[in-house]
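Right, one structure below, let's go through it.
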Amino acid sequence: MSPIPVTVITGFLGSGKTTLILNLLAQLPPDYKLALLKNEFGDVAIDSQLAASQAISGVQELLNGCICCNLTGQLGDALETLRATAQPDRIVIETSGSAFPATLAMEVNRISRETCAFVLDGVMSVVDVENWQGYEDTSYSAKVQAQYTDLIVLNKCELVSERRVEDVEDKIRDLELDVPTPIVKSAKGRVDKDIVFGLDAKLAHADAHSLHHEHDHNHSSEVEVLSVTMSAAGQPSGVDLEKLEALLKDSSKDEIYRIKAVLHASSAPRSSDSQPASLPSAMDGNGRYILNWIF
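As numbered in full-length UniProt numbering, residues 1 to 295 make up the sequence shown, in order.
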């Protein structure tokens, strides 16, 4: 049996990784099985509820730690669980933006050598062109991602001017090594599947010694995750979506990257493409929706 290709998608909170993955699903044949392995800080599992409601064969989570540091020992078990339960044609690893792609790639390669069940297919980094301020104002791991990746996706291009997109691209190009990393532009997380799947993973052959010692293993403190549960005092009538939207728009994007929640609403909210959202049959309760708000 051929090894299962593994695609790694990295990017900071709110860059649009989950949306990009869901858009890729729509381009796959009906019988194609894609499994998802998620890693993000905190105990919030909203992303997996979102993914499980779509056409994904299996979902595994690695929470409360960076997948390239203290969770590396769990990666093999998670991949093996997906292989056994979902029997996927491909596994996508969606990581927190602080995850170091070279270290993660080497761990996938180690698992591949030991099991012959997986093969690293490529590493992709998603950049939010609306909110990205350049490498001077972000963490060290963000700088490294741009250099050790197979594809960079400039997302949310529909929200900014062409000049802004060009400025972001120029800043990324300033950090390029001998071989330029391909850059593609995306609106609302839409990228052709043929661009993402089948990358020539240069990290698959990365030298372990030259990459491992450069990584800062204390970066989990860069992001704080807060989980809150709120209940109605009486009979719940549903959230007022107009008031909720006004509240979210008034929030500071300098302090909050993303809000995800499960909520009850009396009417169907708009999805990201301004169409009425549908209620997945797998969700329990009438009027229950998943909120995915990116600042």
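Cβ atoms here follow ideal geometry from the backbone N, Cα and C, with glycine treated the same way.
Member of the options whose CA lies at the smallest distance from the CA of residue i
i: A261; options: M230, C116, S251, A268; result: M230
i: K33; options: V129, L241, A86, L22; result: A86
i: V12; options: M1, V129, D77, L291; result: It is worth fixing the name first, because residue 12 is Phe in this sequence and not Val. Cα-wise, what sits closest to F12 is V129.
i: N23; options: V228, V108, P29, V191; result: V191
i: E169; options: K193, W132, K188; result: W132
i: V126; options: L75, G189, I195, D31; result: G189
i: L108; options: A84, M124, R90, L79; result: According to the sequence provided, residue 108 is Val. The question's Leu does not apply to it. Here the closest residue by C-alpha is L79.
i: A84; options: A35, D167, E114, D250; result: A35
i: V92; options: T7, R173, G14; result: T7
Assigned secondary structure, residue i (DSSP; H/G/I helix, E/B strand, else coil)
i: R113; result: helix
i: M230; result: coil
i: G76; result: helix
i: N131; result: coil
i: A265; result: strand
i: L28; result: coil
i: K202; result: The pLDDT assigned to K202 is 48, lower than 50, so where the model puts this residue is not dependable, and the model offers no usable value.
i: L36; result: strand
Extent of the continuous alpha helix (DSSP H) run through residue i
i: E245; result: 241 to 250
i: D170; result: 162 to 173
i: D194; result: 193 to 196
i: L159; result: Unbroken run through L159: none, as it is neither H nor E.
Cα-Cα separation between residue i and residue j, rounded to whole angstroms
i: E94; j: T149; result: 14 Å
i: residue 315; j: L104; result: A query on residue 315 cannot be resolved here, the shown segment of the chain reaching from 1 to 295 and no further.
i: L82; j: L37; result: 8 Å
i: Y289; j: D240; result: 13 Å
i: I152; j: E245; result: 31 Å
i: E111; j: P88; result: Checking the sequence, you will find Ile at residue 111 rather than Glu. Between I111 and P88, the C-alpha separation is close to 17 Å.
i: V228; j: H264; result: 15 Å
i: A268; j: V165; result: 33 Å
i: S161; j: P3; result: 42 Å
i: V119; j: E158; result: 34 Å
i: A187; j: D77; result: 35 Å
i: G198; j: D121; result: 6 Å
i: T18; j: K156; result: 13 Å
Start and end residues, beta strand (DSSP E) containing residue i
i: E94; result: 90 to 94
i: T7; result: 4 to 10
i: K185; result: 183 to 185
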